[in-house]
Amino acid sequence: MDAVPVAASSSYFTTSLFYPLVFIVASLWAVHWYIENLRIVRMGNKLPGPKTVPFFGNALLAFGVAPEDVMGEVIKYLHYGRVIRAFLGTKLIVFLIDPRDVEIILGSHVHLDKSAEYRFFKPWLGEGLLISTGEKWRTHRKIIAPTFHLNVLKTFVPLFYENSLDLVKRLKLEVGKKFDIHDYLSAVTVDILLDTAMGVRGGKREKTGFDYAMAVMKLCNIVHQRQYNFMLRMDPVFKWSKYATKQEQLLSIIHGLTRGIMDKRKKDYEEKGEDAYPEELRQGKSIDSKTTEIIKSSNMKYVRDDLDEIDENDVGEKRRLAFLDLMLELSRNGANMTEDEVREEVDTIMFEGHDTTAAGSSFTLCVLGIHQDIQERVMEELDSIFKGSDRPCTFQDTLEMKYLERVIMESLRMFPPVPAIARHLNEDVKLASGDYVLPRGTTVIIAQYQIHRLEEYYPNPEVFDPDRFLPENTQSRHYYAYVPFSAGPRSCVGRKYAMLKLKVLISTILRNYKILSDLTEADFRLQLDIILKRTDGFPIWIEPRTKTTNVM
């Protein structure tokens, strides 16, 4: 009978301690949050930037600004210099434009974490390379990087060419008419990715590719809305919005495609072994010494990254397969990756390799349409390589496309597909450009679009000049003054894949069509989205070339 009061007393004693402890912990956390944010605000106020409003910071400056007007609004604040501070409430955002400061951030092994805004991609990409941090990111980067070695990429060239040739044939319907080239380039980019990333060939991919491309486009728009709409940034508000329902529908298309293909590839491999792989992807050969010398002399060494440090022995003959096949093989052979992680990485590659290439190739063709003299010089180079024949493009051919390479690089300078990179600072950072210290917790925005227009590195920056990338003109230029693929430890793992794909795609189009435009670069209305776009689309005309290179 004495047990009841003892139990009640014990329960009362526990309860009487629990709530005060919760209150104390919550109070300590609130004090810590206040002190930390007070520190960030005080340090942030020492940086140049527009005046703030209590509670809102500078958030009201973006209120009511349409996405297509963001570029113009950003340019208004460039008079503050190359370090520009803004507050979103108490959240400190700092824009960096000086390459010396950019090097401190991108070249660091400490500030590798992406900003909080990248969490909007998580339902889509999970913990893929774009989002993951810490040891998981390092492990996956080390596993994935060898799959982008040139020995692997070389085997993709026939697939790049085959898909580019399909595009040439589809474009025949547009001869003599003004049309938006981006729609076609977006479609062919998805086809190439389905081929090289997932091993989906021919007719099987046509409707699949269209549905996927549309889902990606609409999902990017939702992510973009969350980045610019203050209310939608809050998860509880977003979950009750119409966008959340639409996001689930789009994710079912995207993830359904990836999972379906993965399941089929696994089943095929179990039943047929390596015979399940497409024949084209089982016939790779090692790159010979002559090719290696050409690669070393290429302008693309200017954009170095960890892919240049991969041991040739890391990539065996049988690994020259679709990216998905490589990932599944690595997973089977003991690599520290689950099948869900493989799917996340494939989804990441599909996302990062789609809109970026479509935008990059669209801008390049548009500027070639504007500058007929440059287009003719590209054609002279292509004629010297192909000698008037209509033979397929080879890997060796792409290594000879030195001038086209410079054209692409200049296009990526003026119109970088990813116009900004955001990082989260884990430590205080002393900048090199002035007596500024950024507090830990700051979101840093690397503004490539403005960096690529700095007069001291690019005289007359609004003039399209591919010869900026002649070796003699790049030697003294600050390495971090050109970062279309980012740079440092977290540079784009697929940048060699992207450049090779762009060369094959653009050269194949130019061998068959002359590109025409009635605009200038000054007429472009740019939109700062996840990917840099034009609000007016990418309108051009095409005329068939009368040379024997015509394949139509």
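Residue numbers for the sequence shown follow the numbering used here, so the first one is 1 and each next one is one higher. Backbone N, C-alpha and C define an ideal beta-carbon position, used for all residues, glycine too. The structure displayed is predicted, hence computed values, not measured ones.
Three-state secondary structure assigned by DSSP to residue i
{"i": "Lys430", "result": "strand"}
{"i": "Ala422", "result": "strand"}
{"i": "Ser486", "result": "strand"}
{"i": "Thr258", "result": "helix"}
{"i": "Trp541", "result": "strand"}
{"i": "Gly360", "result": "helix"}
{"i": "Asp113", "result": "coil"}
{"i": "Arg319", "result": "Interpretation of Arg319 is limited by its pLDDT of 40, a score under 50 that renders its predicted location unreliable; the figure taken from the coordinates is listed afterwards. Three-state result, Arg319: helix."}
{"i": "Val463", "result": "coil"}
{"i": "Gly353", "result": "helix"}
{"i": "Gly209", "result": "helix"}
{"i": "Val53", "result": "strand"}
{"i": "Cys393", "result": "coil"}
{"i": "Trp240", "result": "coil"}
{"i": "Ala62", "result": "helix"}
{"i": "Gly72", "result": "helix"}
{"i": "His79", "result": "helix"}
{"i": "Glu103", "result": "helix"}
{"i": "Met234", "result": "coil"}
{"i": "Leu399", "result": "helix"}
{"i": "Val407", "result": "helix"}
{"i": "Asn229", "result": "coil"}
Length of the line joining the Cα atoms of residue i and residue j
{"i": "Asp166", "j": "Tyr184", "result": "11 angstroms"}
{"i": "Ile509", "j": "Gln375", "result": "12 angstroms"}
{"i": "Met337", "j": "Thr442", "result": "32 angstroms"}
{"i": "Pro104", "j": "Arg423", "result": "In the sequence as presented, Pro is not what sits at residue 104; that position holds Ile. Cα to Cα, Ile104 sits roughly 12 angstroms from Arg423."}
{"i": "His109", "j": "Pro489", "result": "7 angstroms"}
{"i": "Pro539", "j": "Leu526", "result": "14 angstroms"}
{"i": "Ala215", "j": "Leu257", "result": "11 angstroms"}
{"i": "Lys533", "j": "Ser252", "result": "26 angstroms"}
{"i": "Ile530", "j": "Met43", "result": "29 angstroms"}
{"i": "Asp373", "j": "Asp465", "result": "11 angstroms"}
{"i": "Leu232", "j": "Leu404", "result": "43 angstroms"}
{"i": "Lys266", "j": "Val94", "result": "46 angstroms"}
{"i": "Ser51", "j": "Ala86", "result": "Note that residue 51 is Lys in the sequence shown, not Ser. In a straight line, the C-alpha of Lys51 is about 9 angstroms away from that of Ala86."}
{"i": "Arg495", "j": "Lys387", "result": "29 angstroms"}
{"i": "Tyr497", "j": "Thr357", "result": "10 angstroms"}
{"i": "Val444", "j": "His224", "result": "18 angstroms"}
{"i": "Thr133", "j": "Val74", "result": "29 angstroms"}
{"i": "Asp288", "j": "Thr394", "result": "Bear in mind that the predicted position of Asp288 carries a pLDDT of just 46, short of 50, making it unreliable; the figure below should be weighed with that in mind. Straight-line Cα distance between these residues: approximately 14 angstroms."}
{"i": "Ser507", "j": "Phe179", "result": "20 angstroms"}
Cβ-based neighbour list, residue i, same chain, cut-off 7 angstroms, excluding 5 preceding and 5 following
{"i": "Ser486", "result": "Leu106, Ile421 and Cys492"}
{"i": "Asp428", "result": "Val437, Leu438, Pro439 and Arg440"}
{"i": "Ile294", "result": "With a pLDDT of 42 at Ile294, under the threshold of 50, the modelled position of that residue is not reliable, and the figure given next carries that caveat. Once the five neighbours on either side are set aside, the close Cβ partners of Ile294 are Leu399."}
{"i": "Ile222", "result": "Tyr243, Lys246 and Gln247"}
{"i": "Ile131", "result": "Lys114, Tyr118, Phe121, Lys122 and Leu125"}
{"i": "Met379", "result": "Leu510"}
{"i": "Phe323", "result": "Thr147, Thr196, Ala197, Val346 and Ile349"}
{"i": "Ile605", "result": "There is simply no residue 605 to check, as the chain begins at 1 and stops at 552 in what is shown."}
{"i": "Ser241", "result": "Leu232"}
{"i": "Ala359", "result": "Pro417, Ile531, Leu532 and Lys533"}
{"i": "Leu425", "result": "His111, Leu438, Arg440, Gly441, Thr442 and Val444"}
{"i": "Gly209", "result": "Ala187, Val190, Asp191 and Leu194"}
{"i": "Leu153", "result": "Lys496, Tyr497 and Leu500"}
Contacting residues, own chain, Cβ-Cβ under 6 angstroms from residue i (five flanking each side not counted)
{"i": "Val102", "result": "Leu96, Ile446 and Tyr480"}
{"i": "Leu88", "result": "Gly57 and Ala59"}
{"i": "Leu554", "result": "Since the displayed the chain opens at 1 and closes at 552, residue 554 lies outside it and no answer follows."}
{"i": "Leu92", "result": "Ile40, Gly44 and Thr442"}
{"i": "Gln562", "result": "The structure shown has nothing for residue 562, since the chain only spans 1 to 552."}
{"i": "Trp541", "result": "Lys178 and Leu516"}
Beta-bridge partners of residue i, as assigned by DSSP
{"i": "Gln527", "result": "Lys533"}
{"i": "Ile445", "result": "Phe95 and Ala422"}
{"i": "Arg85", "result": "Val94"}
{"i": "Ile515", "result": "Ile542"}
{"i": "Leu438", "result": "Val429"}
Own chain partners of residue i with C-beta closer than 8 angstroms, once the 5 adjacent residues on each side are dropped
{"i": "Glu543", "result": "Val175, Gly176, Tyr513, Lys514 and Leu516"}
{"i": "Glu455", "result": "Pro461"}
{"i": "Met262", "result": "Leu324, Leu328, Glu339, Val342, Arg343 and Val346"}
Report task. Identify every run of the alpha helix (DSSP H) within the segment 132-191, keeping only runs that are complete inside it and at least 4 residues long; order them along the chain. Result -> If we require 4 residues or more, the alpha helix (DSSP H) runs fully inside the segment 132-191 come out as 134-144, 150-153 and 157-170.
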